[in-house]
Structure formats: C-alpha cells, structure tokens
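For reference, the structure is listed below as structure tokens.
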Amino acid sequence: MAETTNLYLLIFPERGIIKIGKADDIHNRIQTLRRWWGEADYEASYYLRAPLEVIFKLEKSLHFFLSQYSVPFEEGDGRTELFSADALGVALKHIDLYSSSAPDIEGVKKGVPRPLLASPLPRRRGKHRGLIRKSKAMVDSVARTAGQFGRINRLLMILLRRQSRIPYQYDVIDDCVYFRVRLLRNNKGGFDSANLMRYFSFDIEDLSGWCGINCCSVTSVGDVMQFRVRLLSVNEDRPWSALFSYFSRQSECLLKKLPRRSSVATYPIPMLDEFQVMNDIFQRYENDGL
1 MAETTNLYLL IFPERGIIKI GKADDIHNRI QTLRRWWGEA DYEASYYLRA PLEVIFKLEK
61 SLHFFLSQYS VPFEEGDGRT ELFSADALGV ALKHIDLYSS SAPDIEGVKK GVPRPLLASP
121 LPRRRGKHRG LIRKSKAMVD SVARTAGQFG RINRLLMILL RRQSRIPYQY DVIDDCVYFR
181 VRLLRNNKGG FDSANLMRYF SFDIEDLSGW CGINCCSVTS VGDVMQFRVR LLSVNEDRPW
241 SALFSYFSRQ SECLLKKLPR RSSVATYPIP MLDEFQVMND IFQRYENDGL
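Here UniProt numbering is used: position 228 in the sequence shown is 228, and no number is missing along the way.
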C-alpha cells in the first residue's frame, strides 16, 4: 500500500495569509507555525490526503502556479510557502482540476480536524523529551542533507563521464543554473523528472524549528526539458545557510568542470521561459472551457 500524507492549505487570519505545505500530522505542524504566524483557522482551512508522491507533485506545482501571490517575509518557519488570501480560490481550482483526472483520489476537504485532548505529560519531562527529539532530528537532517548532495555529486559525475552521449546545455544566471537536456524521441516517456527534482528538495529540522526548501523547477517544451536549480551557496542569514553553503560549493566545483554544452548537442538548446509556458497552458485551459 502506498505511503500517504496530507496537503494542507492553512489560513492565518491575523496575518491575512495562507500557507500551503505537506505534513503527516497537520495539527503538530500548526503548533510549530503558530509562534510565527498566529492561530490557524481550523474550520476555514483545507486539506487533502493522498499518496506521498501525488502530494509532493501537487505541492510543488501549487507553489509555482501561485508565485505571483507570494508574500515575502524575511524570516519565519515556512516563510517561502506563504501566499496572500487571494491565492486560495486559485489553489482550490487547481486541486479540483487535478482531482478530476485522478478518480482514486478524494477531493479537498474543508475544515482541519482537531485532535482529541490527551493527558499532558509532566512539564519538565515533556520539555526534556522535546529537546532530545529536536536534537536527534537536527543530526538526522544534517546526515540526510549530506546524502542528498552526495547523490547530486554522483549525478554530476555521470554527466562528466557521459557528456558525449547526453545532449545538454546549461547557463548560470544570477543565483540559478538553467540546465537543459534534449530528450531522445524514444526516451521521452521514460524520463522521470519528478524523481530528479527530489534531489533538490530539502527538509531541515533543528532546535529552532523546521524548514522545507525546494531549489528546483522543471519546464518542458517539445523535446527540451529545462531544470532551473537555485544555488544554495549564496549567502543568506539563516541558521542552516552555512550547512547548505558548504555542500553547495563542493557541488559547484564539480559543475564548473562540466562543459557548458556537450559535444553531442550539435546545435544550441534554447532556454525556456517558465512563466510564458505556464501562461500558454492556462490559456489553453481557458480556451477549452476548463
């Protein structure tokens, strides 16, 4: 049986924002977020339970589609997943559209269930248990991050060894790498871009809280697939920035050894405009009456 989790759309009325993310236990996630964004409106919020892979894809697509509604905050747990209240209707329409093409998935539900109140542990004992859990989570996060960058480095080594067989081209603009690959005609259906995107999706938990970071988006037109990867070596004043910066700089050293265009890419592979591609998709939906 496939592992399942929840996609949530939490409404924080004090801030006039919504947060879109995923969690196995939505109530526990709300307790972590409340110190930054205030009390969540359980009754007005929404959630959808589905297989983990489905929730992952749906969450990332919503973050991309709603980027114009993004609300900037300099700090705060989950601050990159916050949107203005106007984004709620757009998000629900997108989820309904997705659910209509996947009949085995239940639709989005309004009202996040509140858990039954349990007998509290003694205060001191509960506090110590919480610190132990957070400390272990911090160590696990560092190990998990190191493993992910290890897989990224192996991917770069594969490109170095097989550059004469893989038609690719990349450019580094500001703090992003735009990596394009031209798919072979007989391999278009077998390329799992979602699996590759997981390499660049990080979850970090430490004593100060939890953070989810997605550094990659994918756009495809015709036989060209483009991955836009944000470099994490750029200096940011965040508790976890030093960790990401170290690993990212090592991967960038390998990237610099990779030719900007492979020899088998006999002519330039064009850079894709993500927002134009999405506008074209929405325009087709409107023309089809969706």
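No residue lacks a Cβ here, since even glycine has one placed at the ideal position from N, Cα and C.
Excluding its 5 nearest sequence neighbours in each direction, G38 has C-beta neighbours in its own chain below 8 Å: F12, P13, E14 and R15, listed in chain order. DSSP places G209 in the uninterrupted beta strand (DSSP E) bounded by G209 to N214.
Look at K19 here: in three-state DSSP terms it is strand. The continuous alpha helix (DSSP H) containing T32 extends over residues I26 to W37. About 46 Å separates the Cβ atoms of V71 and S164, ruling out a contact at the 8 Å cut-off.
When DSSP states are grouped into helix, strand and coil, K110 belongs to the strand group. Counting along the chain, the unbroken alpha helix (DSSP H) around V90 starts and ends at A87 to S100.
Look at M271 here: in three-state DSSP terms it is coil, with no helix or strand label. In this structure, the beta-carbon distance from M278 to D206 does not fall below 8 Å. Taking a contact to require three or more Cβ pairs closer than 8 Å, the segment 265-276 and the segment 212-232 qualify as touching. Taking 8 Å as the upper bound for CB-CB distance, Y168 and R180 are in contact here, some 7 Å apart.
C211 and D77 do touch by the CB rule: their CB atoms are close to 7 Å apart, below 8 Å. Q226 is classed as buried because its beta carbon has at least 16 other beta carbons within 10 Å across all chains shown.
Under DSSP, F179 takes part in a beta bridge, and its partners are Y170 and F227.
Under DSSP, T145 forms no beta bridge with any residue.
Check the Cα spacing between L62 and each of G130, E74, D96 and P51: the tightest is with D96. Collapsing the DSSP output to three states places F12 in a strand. Residue pairing by DSSP puts E205 in a beta bridge opposite W210.
Check the Cα spacing between Q31 and each of R144, L254 and P115: the tightest is with P115.
Between P51 and A91, the C-beta gap is not smaller than 8 Å, which leaves the two residues out of contact. Excluding residues up to 5 positions away in sequence, A102 and I105 lie with their Cβ nearer than 8 Å to the Cβ of V54 in the same chain. In this structure, DSSP gives F73 a state outside helix and strand, which the three-state scheme calls coil. The residue from F282, S208 and G147 with its alpha-carbon nearest to that of L131 is S208.
D171 and R249 have their C-alpha atoms roughly 17 Å apart. Per DSSP, S45 is not a residue of any alpha helix (DSSP H), being assigned neither H nor E.
Around L66, the same chain offers F83, A87, V90 and A91 as residues with beta carbons nearer than 7 Å, after the five sequence neighbours per side are excluded. Around the beta carbon of G147, fewer than 16 other beta carbons lie within 10 angstroms, which makes this residue exposed.
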